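Numbering (my numbering), first residue to last: 3 to 338.
In this text, a Cβ means the ideal position worked out from N, Cα and C, and glycines have one as well.
Note that the coordinates shown come from a computational prediction; the quantities given were computed from them, not determined experimentally.
Taking it in order: structure first as structure tokens, then the write-up.
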Amino acid sequence: MDWFDIHSFVTVVREQSISKAARILHLAQPTLTARLKKLESEFNVPLLERNWKGVQLTEQGHQFLLYAVKLLEDFKEISEKLNETVPIGPDERGSLTMDSGKLKLGILRPLGSFFISPALQLLKDEYPEVQYDITVEMTGYIMELISIHKLHLGIIPYCKPFPGLSSVPLFQEEVVLIAPKNDPLRTALSTDCWKSLLLSAHFFLYNFKFPFRKVMDQSLSTLLGRLPETIHEINDTNTLLNLVSSGFGYTVLPTSYIYDAFDLKKAAPVSLGAGASVIDLEVLPYDIYYLPSFPKRTIYLVYPDDISSHLPLHRIVEDIVSLYHANEQSLLTTSG
């Protein structure tokens, strides 16, 4: 698969005709058809089907189209970037070191800024000479950048074994239901109708490009026995929360996406029916519901295996881990 294969696929979808797309692409129709079949064989799924209406997307084709459009934009951005005459900094020419005094930190999108505040405060207080850059991306991308020495550290969930990388758990957080203020759910939880209320409600969830969508679906299926009837897919956390705050429905998120996870653990939840509890903070335009069947997840600090050879970086990792563990232990002591 190359750029032209993807461009050809998007052109066919746009024109809804292989013959029209072939003319636009200056290809013979059999050549274009062969490219499309090659694309389908690489993924081993049908992407297009022909009928009397022309060419239409299959279910897999609809999913691939979203990635294809994004890939074309990424190719365009790469081309523009490579043609810019921007000097390359010393950290970008080879393996990263701390010699330049700049720390390259990767953070999961959309891990809340509240969660990384303790780490940034530590750098400010204990390592004032160290400047830092933050890359906000998805988990797999961050791990790849650490492995090729383009990032020093990553703060991410879903940590799986990765060649050349080590990890240590930082913090365990709750997955919660977010509801509008003064929502009927609060009183419904003391009755038998709360499940039917949620099943018939509108839910705003991430699309499947976000790994957390699987957690969302599993949490709701476990709680309700099946998924709600109406699900709207959103690819932005702020939009999710704004729609819930405006009273349009519910969402499911980890606490670190919405508020200071440490401060939230200090708040006293109000017990409700069905084993649930709620936190209603004046500073938030929505309520946070803790439900007994919802999972917890662990946030990890990820770093290169050879970190011991980089003394300043090694100390920073140890200090960050100690800080987060101390914060969590103090919360456990307080709650106990």
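Assigned secondary structure, residue i (DSSP; H/G/I helix, E/B strand, else coil)
i	result
D308	helix
S198	helix
H204	strand
N53	strand
K298	strand
Q18	coil
F6	helix
F164	coil
K152	coil
Y134	strand
S223	helix
S238	Reading off the sequence, residue 238 comes out as Asp, not Ser. In this structure, D238 counts as coil in the three-state DSSP scheme.
F173	strand
I158	strand
T232	strand
Straight-line gap, residue i to residue j (C-alpha atoms, nearest Å)
i	j	result
I180	Y259	11 Å
V12	E176	40 Å
L74	T189	49 Å
L153	K104	11 Å
S81	S10	18 Å
V170	V304	7 Å
G56	Q174	52 Å
D308	R317	13 Å
F210	L68	11 Å
L125	L255	28 Å
A203	L49	33 Å
F212	M140	8 Å
E131	L315	13 Å
Own chain partners of residue i with C-beta closer than 7 Å, once the 5 adjacent residues on each side are dropped
i	result
S247	P182, P287 and Y288
G156	G108, I144, M145, I148 and V304
E128	D321
Nonlocal neighbours in the same chain, by C-beta distance under 8 Å from residue i, ignoring five residues either side
i	result
P186	L199
H327	L172
Q18	K55, G56, V57 and Q58
Whole-number beta carbon distance between residue j and residue i, since they are thought to touch under 8 Å
i	j	result
P230	F205	5 Å
I233	Y208	Not really, about 10 Å apart at Cβ, beyond 8 Å.
Residue i beta carbon near the ligand ZN (any heavy atom closer than 6 Å)
i	result
L187	This structure simply doesn't include the ligand ZN, nor any ligand for that matter.
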